[in-house]
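One structure below.
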């Protein structure tokens, strides 16, 4: 069912058009990503849909009863409630219903027979409504969201006002998820989330009952969650079916196809024009030349396909090679102001040519460890040593938030005063700063522009050991890909912290999982790391079960064994239930995509003029809609068994 439709929507800021002739359609249970460069107008489009911005032209059609929930990039939350109280406030209407039910129960205890029947009918209706709206599970839902978004270990007395900006945004996301709107609009929801929380959010959104509209620069997240992509580029939008990877493939294929058609037509035009030029003046061939000229005039000339918008172009070089041993961290402990150690007894090394990713939950101390390696902080104990000829280039996520009043040109030139201005400008041009852009004050730049300035400074260092703290923050998808390619070709050594799993997959040759007193090594990329982690958890579970089975016999132990067998059977059924839910979700996604493709076909003049084809497509869509209803009914039944 269509829940939102946008036709020929246009929006400008002053004389600058931001969006033009935008078309977008959202059906119930759609998972849609809006992608494009920084500044393309993605967030503007979301704000228009959410009703936070006006538009000049076009139409936005949605049912009056449609409920929408919108999470902006920097959502603040000011509240004197505790974290749990803030989330529970979503269900104040259920608490009121529960209070009314308790009041009716008290009245029924002393009511006369004539009044009792009326009270019982009211109570039954209210109780059913309470159940249908989640009255018996909302507290469990709140606990699930608290745990999933990383608030599970917070004390119950912590108030919202005391949280950091990133934590408040996470809490706002949790509150929004609990409201369960028909259309969930999320602008960069993966900011401030660690990998465990991202994984939880992916699973949550995959099972979400409404439609989802997302802007995100997390490609791994988009691949897992969305089934449609709208690209906003050069003020216009274009739709692609599939996840983010499928969109990239389709876009490349379409460009190659359009370019070949354009080149073929250009060859044809050249041949026709050449014939006209050579034969128009000859009496014997003038009629044929005139015919060719008319053919040229009637031809619908294709515009040359536009490739990707200009991307940054850079590479990291080194001035000299380091020794084989680059970094050694030995029994290092780190603490603040006499507090218990944040990290202790850490030991690991990095050798030349490696690309090592540091992963772990938020707050474990990844950035702190990098600062200690850089001597910005001193370790409480242990030693950190570098190999021979090691030169370090450091990208600090906080330095990427540059606040300097200098011009962009001077930000680089002051650090490399011996370089000619032309070379500095060329370097900045490679990072998309051209013309008057280099004269802007650094503090006026966007987050993505500041990140590019920081990367330009890093590139000029030509260090053979790069230590990077969240280098993809603030970068759009194209800039991330350029950075990845530059790092893949980098001849030095890398140690980096990132929550971008796609980035880790492309760059890392080794993953170091950080815990409070250990750095576990995995020789591979992110997918290898997650596969090995899953195997370890499975092995631990098998050992636990074997230990339980090996307990000596006896009445008490027999009872334990019987409980274990029952638990084993329950787990088997639970796995089957979850597997079936996944199968249903895949089938629902496939059916919805087919319905969408059929509806697009019905807009094709060649199809809608063919009565038989139209009937066939309508019949197929009716069958698919019936199948969808059955699948969704089964999905709801299985989900309620949780």
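Residue numbers (UniProt numbering): 1 to 642.
Every residue gets a Cβ at the ideal spot worked out from N, C-alpha and C, and that includes glycine.
Requested in this report: Could you pull the start and end residues of the alpha helix (DSSP H) that residue 426 belongs to?
Outcome: The residue you call residue 426 lines up with position 426 of the chain shown. Secondary structure note for residue 426: its alpha helix (DSSP H) is the uninterrupted segment 421-430.
Report task. Taking the CB atoms as reference points, tell me whether residue 342 and residue 368 lie closer together than 8 Å. Result -> As a first step, residue 342 is located in the chain shown; it is residue number 342 there, counting from the start. As a first step, residue 368 is located in the chain shown; it is residue number 368 there, counting from the start. Residue 368 is positioned such that its CB atom lies closer than 8 Å to that of residue 342.
Query raised in the report: How is the alpha helix (DSSP H) around residue 210 delimited, first residue to last?
Result: The residue you call residue 210 lines up with position 210 of the chain shown. Where residue 210 is concerned, there is no enclosing alpha helix (DSSP H), given that its DSSP letter is neither H nor E.
**Report entry** Per DSSP, the bridge partner or partners of residue 333
**Finding:** Walking along the chain shown from the start, residue 333 turns up at place 333. In the DSSP output, where bridge partners are listed per residue, residue 333 has 381.
Report task. Out of 362, 378, 621, 413, state which residue places its alpha-carbon closest to the alpha-carbon of residue 150. Result -> Numbered from its first residue, the chain shown carries residue 150 at position 150. Among 362, 378, 621, 413, the Cα nearest to that of residue 150 is on 362.
Query - residue 413 burial status per 10 Å Cβ neighbour count (16 or more: buried) - result: Numbered from 1 along the chain shown, position 413 holds the residue referred to as residue 413. Residue 413 should be labelled buried.
Requested in this report: Can you have a look at residue 595 and say buried or exposed, based on whether 16 or more other CB atoms are within 10 angstroms of its CB?
Outcome: Taking the first residue of the chain shown as 1, we reach residue 595 at position 595. Taking a 10 Å sphere around the C-beta of residue 595, we find 16 or more other C-beta atoms and assign the residue as buried.
Query raised in the report: Taking C-beta to C-beta, are residue 160 and residue 89 nearer than 8 Å?
Result: As a position in the chain shown, residue 160 is number 160, starting the count at 1. As a position in the chain shown, residue 89 is number 89, starting the count at 1. In terms of Cβ geometry, residue 160 and residue 89 do not form a close pair [threshold 8 Å].
**Report entry** Test item: CB-CB of residue 26 and residue 82 under 8 Å
**Finding:** Position 26 of the chain shown, counted from the first residue, corresponds to residue 26. Position 82 of the chain shown, counted from the first residue, corresponds to residue 82. No, the pair does not count as a contact, with Cβ atoms beyond the cut-off.
Query raised in the report: Once you ignore the five residues that flank residue 17 on each side, which residues in its own chain have a CB closer than 8 Å to its CB?
Result: Mapped onto the chain shown, residue 17 falls at position 17. Here the set comprises 10, 11, 235.
Query raised in the report: What are the uninterrupted segments assigned as beta strand (DSSP E) that are 3 or more residues long and contained completely in the stretch 1-57, given in chain order?
Result: Runs of the beta strand (DSSP E) inside the stretch 1-57: 2-13, 16-27, 31-35.
**Report entry** Sequence-distant residues of its chain with Cβ nearer than 6 Å to residue 562 (five each side left out)
**Finding:** Here residue 562 is taken as the residue at index 562 of the chain shown, counted from 1. Because residue 562 sits at a pLDDT of 46, beneath the cut-off of 50, its placement in the model cannot be relied upon, and the point is left open.
Query - Alpha-carbon spacing of residue 631 relative to residue 241, whole angstroms - result: As a working note, residue 631 is residue 631 in the chain shown. As a working note, residue 241 is residue 241 in the chain shown. In a straight line, the C-alpha of residue 631 is about 21 Å away from that of residue 241.
Requested in this report: With DSSP collapsed to three states, give me the class of residue 129.
Outcome: Position 129 of the chain shown, counted from the start, is the residue given in the question as residue 129. In the structure shown, residue 129 falls within a helical segment according to DSSP collapsed to helix, strand and coil.
Query raised in the report: Buried or exposed: where does residue 397 fall if 16 or more other Cβ atoms within 10 Å of its Cβ makes it buried?
Result: Numbered from 1 along the chain shown, position 397 holds the residue referred to as residue 397. Result: buried.
Query raised in the report: Is the CB-CB distance between residue 326 and residue 347 below 8 Å?
Result: The residue labelled residue 326 in the question sits at position 326 within the chain shown. The residue labelled residue 347 in the question sits at position 347 within the chain shown. Not in contact: residue 326 and residue 347 (Cβ atoms no closer than 8 Å).
Query raised in the report: Are residue 317 and residue 450 touching if we call contact CB-CB under 8 Å?
Result: Position 317 of the chain shown, counting from 1, holds the residue named residue 317. Position 450 of the chain shown, counting from 1, holds the residue named residue 450. Not closer than 8 Å, so no.
Report task. Could you name the residues that DSSP lists as bridge partners for residue 471? Result -> As a working note, residue 471 is residue 471 in the chain shown. Answer is none; residue 471 lacks a bridge partner.
Requested in this report: Tell whether a beta-carbon distance below 8 Å holds between residue 335 and residue 380.
Outcome: In the chain shown, the residue the question calls residue 335 occupies position 335. In the chain shown, the residue the question calls residue 380 occupies position 380. Contact flag set, yes.
Query raised in the report: Roughly how many angstroms lie between the CA atoms of residue 623 and residue 198, to the nearest whole one?
Result: Here residue 623 refers to the residue found at position 623 of the chain shown. Here residue 198 refers to the residue found at position 198 of the chain shown. Roughly 36 Å between the two C-alpha positions.
Report task. Run the CB neighbour count on residue 217, radius 10 Å, all protein chains shown included, and call it buried at 16 or more, exposed below. Result -> By one-based count along the chain shown, residue 217 stands at place 217. Buried, by the Cβ-count rule.
Query raised in the report: What three-state label does DSSP hand residue 407 in the structure shown?
Result: For this step, residue 407 is matched to residue 407 along the chain shown. DSSP, read as helix, strand or coil, puts residue 407 in strand.
**Report entry** In chain order, each beta strand (DSSP E) run of at least 3 residues that lies wholly inside the stretch 189-256
**Finding:** Within the stretch 189-256, the complete beta strand (DSSP E) runs of at least 3 residues are 211-215, 228-233, 236-241.
Query raised in the report: Which stretch, first to last residue, makes up the beta strand (DSSP E) that contains residue 344?
Result: Working through the chain shown from its first residue, we reach residue 344 at position 344. Residues 343-351.
Query raised in the report: Given residue 472, which residues of its chain have a CB within under 8 Å of its CB, disregarding the five upstream and five downstream residues?
Result: One-based indexing of the chain shown puts residue 472 at position 472. Answer for residue 472: 217, 480, 483, 498, 500, 503, listed in chain order.
Query raised in the report: Where does the unbroken beta strand (DSSP E) through residue 519 begin, and where does it stop?
Result: Residue numbering aside, residue 519 sits at position 519 when the chain shown is read from its first letter. Following the DSSP letters along the chain, one finds residue 519 inside the beta strand (DSSP E) bounded by residues 518-522.
Query raised in the report: By DSSP, does residue 511 sit in helix, in strand, or in coil?
Result: Here residue 511 refers to the residue found at position 511 of the chain shown. In this structure, residue 511 counts as strand in the three-state DSSP scheme.
**Report entry** Burial state of residue 488 (16 or more Cβ within 10 Å)
**Finding:** Residue 488 sits at position 488 when you count from the first residue of the chain shown. It is exposed - the Cβ of residue 488 has fewer than 16 other Cβ atoms within 10 Å.
**Report entry** Contact check, residue 465 vs residue 391, beta carbons under 8 Å
**Finding:** Here residue 465 corresponds to residue number 465 of the chain shown, with the count starting at 1. Here residue 391 corresponds to residue number 391 of the chain shown, with the count starting at 1. Cβ distance < 8 Å, so residue 465 and residue 391 count as in contact.
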